[in-house]
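Residue 280 in this note's numbering sits at position 165 of the sequence shown, with consecutive numbering throughout.
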Amino acid sequence: MEKVETILYGRRWKSFLGFIALILLLPLVVSSQYVFTLLILIGIYCIITIGLSLLIGYAGQISIGHAAFVGIGAYVSGVLTVKYSVSPWIAMGIGMVATFIIAYLIGMQVLKLKGHILALATIAINVIVYILLVGLSDYTGGAGGLVGIPNLSLLGLDLGNQVNFYFFVWSIVFVVILFSTNIIRSSVGRILRSIHDSEIGTETLGVNVTKYKVAIFALSAVYASLAGSLYAHYINFIAPPTFYISFSILLLVMVMVGGVHSIWGAIIGTASIMFLNEVIRFVGHTYFNINGEVEIVVYGLIIILVMIFMPKGLVGILDVRKISPVRSSIKKDVTIEKNVASEKGV
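#1: Whole angstroms are fine: how far does the CA of Lys427 sit from the CA of Gly321?
#2: Return helix, strand or coil for Ser268, following the three-state DSSP convention.
#3: So, using beta-carbon positions, are Ser387 and Val398 closer together than 8 angstroms?
#4: Counting Cβ pairs, one atom from each stretch, are 3 or more of them under 8 angstroms apart for the segment 159-167 and the segment 356-374?
#5: With distances taken between CB atoms, is the gap from Pro142 to Val278 smaller than 8 angstroms?
#6: Check whether the segment 129-146 touches the segment 255-273, taking contact to mean three or more Cβ pairs, one atom from each stretch, closer than 8 angstroms.
#7: Measuring CB atoms only, is the segment 167-186 touching the segment 301-310, in the sense that at least three cross pairs come out at less than 8 angstroms?
#8: Between the alpha carbons of Ile364 and Ile205, how many angstroms are there, rounded?
#9: Within 8 angstroms, do at least three Cβ pairs link the segment 251-264 to the segment 335-352?
#10: For Ile478, write down the residues that DSSP places opposite it in a beta bridge.
#11: Going by the beta-carbon positions, is the gap between Ile177 and Ala136 smaller than 8 angstroms?
#12: Would you check if the segment 147-156 and the segment 335-342 touch, i.e. whether three or more CB-CB distances between them fall below 8 angstroms?
#13: Over the uninterrupted alpha helix (DSSP H) stretch that includes Val145, give me the two end residues.
#14: One question on the structure: do Ser344 and Met207 come within less than 8 angstroms of each other, judged by their Cβ atoms?
#15: Does the separation of the CB atoms of Leu156 and Met389 fall below 8 angstroms?
#16: Is the beta carbon of Phe151 less than 8 angstroms from the beta carbon of Tyr281?
#17: In terms of alpha-carbon separation, which member of Gly158, Ala239 and Tyr160 lies closest to Gly180?
#18: How is the alpha helix (DSSP H) around His181 delimited, first residue to last?
#19: Select from Gly431, Leu341, Lys229 and Val421 the residue whose C-alpha is nearest the C-alpha of Ile209.
#20: For a test of the three-state rule: what should DSSP assign to Val242, helix, strand or coil?
#21: Locate the alpha helix (DSSP H) running through Asn392, then write down its first and last residues.
#22: With distances taken Cα to Cα, identify the nearest neighbour of Tyr190 among Leu139, Leu220 and Asp253.
#23: To the nearest angstrom, report how far apart Val249 and Leu228 are at their CA atoms.
#24: To the nearest angstrom, how far is it from the Cα of His311 to the Cα of Gly431?
#25: Which residues in the same chain have their Cβ closer than 6 angstroms to the Cβ of Ala258, if we skip the five residues on either side of it in sequence?
#26: What residues in its chain sit with their C-beta under 6 angstroms from that of Met223, if we drop five residues either side in the sequence?
#27: Using the C-alpha atoms, what's the distance from Gly193 back to His348?
#28: With a threshold of 7 angstroms (Cβ to nearest heavy atom), would His231 be considered close to the ligand ATP?
#29: Would you mind giving the Cβ-Cβ distance between Ile378 and Ile287, rounded to the nearest angstrom? I have them listed as a contact below 8 angstroms.
#30: Straight-line CA distance for Met425 to Met211?
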């Protein structure tokens, strides 16, 4: 049991099992295909935002260009399966390896920068990838996009079925959560937090800071690539605008709103913003006739409000540890009463 608790992030295994129960029960109460698609997309986006949480929240490195890595994963899977009839699973693996190599090489140069300069550099990466996706039209389909991407199937199970794909995606999310939380609890996680607090201080301890920064940047990019491949094989169609800067900003908003210093915050933020996004889209289009570009302004306002009123994000509000002193106090009072009763021979 202790080993299970260790794997499931210490004493938080109860929360994890509760989360699994919620995911298993949702299909029993959800019948709308639209809501099902929304839940699947939340699962796919959670894979990306968990990676961003590791990069931004724990290593302290900003990125506003992760949509580029999502696009690379999606297009590698799409092009290899549509143009060259490669197995989707092999295509996904190639996409993740290719993304890791690209992100590692880029990270070695870009992560020498800091602050807003680093943020601008990651935006530039996103723009370059977007231009390549549009320009390499013989392979990517150009601005018109790539159609006919096949569905996945696993051991005879048709993942083109919406319910099957829902459980498949969230199974991957669970694995990503376990892997990421164990990274955080390892010595690597402690070094990442140390880098976040002070790079110079960490270097004075003899730690190769650059190696850890580049590694976590590449790992978060691999998460994004995996999510991109899943997106491509679920939607069966991809186009460059899906992977533009606006999507990178949306991912950043999800992490910030949920709580950048927590894996669970990334999940809560992703779900919250996805549902809020649908509300904004419905209200904006129905009553104010605004389009997607104006929605970015709304996201900017959300970030400002969250940074002012909820610096720890939504997960900070839901942190049950805040009530632990009360519980400790109650437990202490009960213990004292028992001791007094014992002394009185009760």
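Idealized CB from N, CA, C, for every residue including glycine.
In short:
#1: Taking the straight line joining both Cα atoms gives about 31 angstroms.
#2: Collapsing the DSSP output to three states places Ser268 in a strand.
#3: At least 8 angstroms separates the beta-carbon of Ser387 from that of Val398.
#4: Taking 8 angstroms as the limit for Cβ pairs, the verdict is that the segment 356-374 does touch the segment 159-167.
#5: Yes; because the gap between Cβ atoms is below 8 angstroms, this pair is in contact.
#6: The segment 129-146 vs the segment 255-273: no contact.
#7: Contact annotation: the segment 167-186 touches the segment 301-310, with at least three C-beta pairs closer than 8 angstroms.
#8: For Ile364 and Ile205, the gap between their C-alpha atoms comes out near 30 angstroms.
#9: Under the three-pair Cβ rule at 8 angstroms, the segment 335-352 counts as touching the segment 251-264.
#10: Look at the range of the chain in this structure, 116 to 461, and you will see that residue 478 is not part of it.
#11: No, the pair does not count as a contact, with Cβ atoms beyond the cut-off.
#12: Verdict: no, contact absent.
#13: DSSP places Val145 in no alpha helix (DSSP H); its state is neither H nor E.
#14: Taking 8 angstroms as the Cβ cut-off, Ser344 and Met207 qualify as a contacting pair.
#15: With respect to Met389, Leu156 sits close: the two C-beta atoms are nearer than 8 angstroms.
#16: Going by C-beta atoms, Phe151 is nearer than 8 angstroms to Tyr281.
#17: Scanning Gly158, Ala239 and Tyr160 for the CA closest to the CA of Gly180 turns up Ala239.
#18: Run containing His181: none; DSSP gives neither H nor E here.
#19: For the residues Gly431, Leu341, Lys229 and Val421, the minimum Cα distance to Ile209 belongs to Leu341.
#20: Secondary structure of Val242 (DSSP, three-state): helix.
#21: According to the DSSP assignment, Asn392 belongs to the alpha helix (DSSP H) that extends over Ile378 to Val398.
#22: It is Asp253 whose Cα lies nearest to the Cα of Tyr190.
#23: Each residue's Cα considered, the two are about 28 angstroms apart.
#24: Approximately 19 angstroms, taken between the alpha carbons.
#25: These residues qualify, in order along the chain: Val249.
#26: The residues Val329, in chain order, have a CB closer than 6 angstroms to that of Met223 in the same chain once the five nearest residues on each side in sequence are set aside.
#27: A direct Cα-Cα distance of roughly 8 angstroms separates His348 from Gly193.
#28: In the structure on display, the ligand ATP does not appear, and there are no ligands present to speak of.
#29: At roughly 15 angstroms, the Cβ-Cβ gap does not stay under 8 angstroms, so Ile378 and Ile287 are not in contact.
#30: Near 35 angstroms, if we compare the C-alpha coordinates of Met211 and Met425.
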